[in-house]
Amino acid sequence: MDNTHARRFDDTVRRRAGERGAIMTLRDCPRAMRVVVDGIDLDDRHRFRLCEIGLAPGAGLRVMQRSAFGGRVVAFGNERVAVDGGTARAVRVRFARDEHAQDDVA
Numbered sequence: 000m001d002n003t004h005a006r007r008f009d010d011t012v013r014r015r016a017g018e019r020g021a022i023m024t025l026r027d028c029p030r031a032m033r034v035v036v037d038g039i040d041l042d043d044r045h046r047f048r049l050c051e052i053g054l055a056p057g058a059g060l061r062v063m064q065r066s067a068f069g070g071r072v073v074a075f076g077n078e079r080v081a082v083d084g085g086t087a088r089a090v091r092v093r094f095a096r097d098e099h100a101q102d103d104v105a
């Protein structure tokens, strides 16, 4: 995917998320997008571990980096966490519209 196509795709995702308050997965998010965790579709053990490190419903995040195979690096507060593609696909997020969600992100 060339840079022009990637930029156009990212702009489309941001516009659609902002317009509808769309729920998407962390894996769908373009780089630098601010989102709020809406839910986690994993078993209790894995959901508990994500909540322990701060990826809990209601947490404000910013996607810092997209990696191969769907992985993401996300920032929240002063933390940066790498998430594999399967986990990123299981974390439901929505576009961060309110100031509280954005203030949580460094």
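So that you can map any letter, position 86 of the sequence shown is 85 in numbering that gives the first Met the number 0, and since no number is skipped, the others follow by simple counting.
Glycine residues also receive a C-beta, built at the ideal position from the N, C-alpha and C atoms.
Since the structure is predicted, the reported quantities are computational estimates derived from the model, not experimental observations.
Residue i: which of the options sits nearest, CA to CA?
| i | options | result |
| --- | --- | --- |
| G85 | D27, G57 and E51 | D27 |
| A146 | V72, D37 and I22 | No statement about residue 146 is possible, as the shown extent of the chain runs from 0 to 105 and does not include it. |
Note down, in chain order, each residue of its chain lying with its Cβ closer than 7 Å to the Cβ of residue i, except the 5 sequence neighbours on either side.
| i | result |
| --- | --- |
| C50 | none |
| D40 | A89 and R91 |
Can you tell me where the beta strand (DSSP E) with residue i in it begins and where it stops?
| i | result |
| --- | --- |
| L60 | G59 to R65 |
| F75 | R71 to F75 |
| A81 | E78 to V82 |
| R44 | Taken as a continuous stretch (DSSP letters only), R44 belongs to no beta strand (DSSP E), being part of the alpha helix (DSSP H) at D43 to E51. |
Near residue i, which residues of its chain fall below 8 Å by C-beta distance, leaving aside the five closest residues on each side in sequence?
| i | result |
| --- | --- |
| G53 | F75, G76, E78 and V80 |
Just to confirm the assignment, what range does the alpha helix (DSSP H) spanning residue i have?
| i | result |
| --- | --- |
| D37 | Careful: D37 lies outside any alpha helix (DSSP H), inside the beta strand (DSSP E) at R33 to I39. |
Take residue i and list the residues in its own chain whose beta-carbon comes closer than 6 Å to its own, dropping the five residues that flank it on each side.
| i | result |
| --- | --- |
| V35 | G59, R93, A95 and A100 |
| D83 | G70 |
| R88 | T24 and R26 |
| P56 | V36 and G38 |
| R46 | I39 |
Buried or exposed for residue i, going by 16 or more other Cβ atoms inside 10 Å?
| i | result |
| --- | --- |
| I22 | exposed |
| R61 | buried |
| R44 | exposed |
| R33 | buried |
I'd like to know if residue i contacts chain D, where contact means its C-beta is closer than 9 Å to some C-beta of that chain.
| i | result |
| --- | --- |
| G70 | The chain labelled as chain D is not found in the depicted structure, where only one protein chain is given. |
Is it the case that the stretch 27-40 contacts the stretch 63-83, given that we only count it when at least three CB pairs across the two stretches are under 8 Å?
By the criterion of at least three beta-carbon pairs nearer than 8 Å, the stretch 63-83 is in contact with the stretch 27-40.
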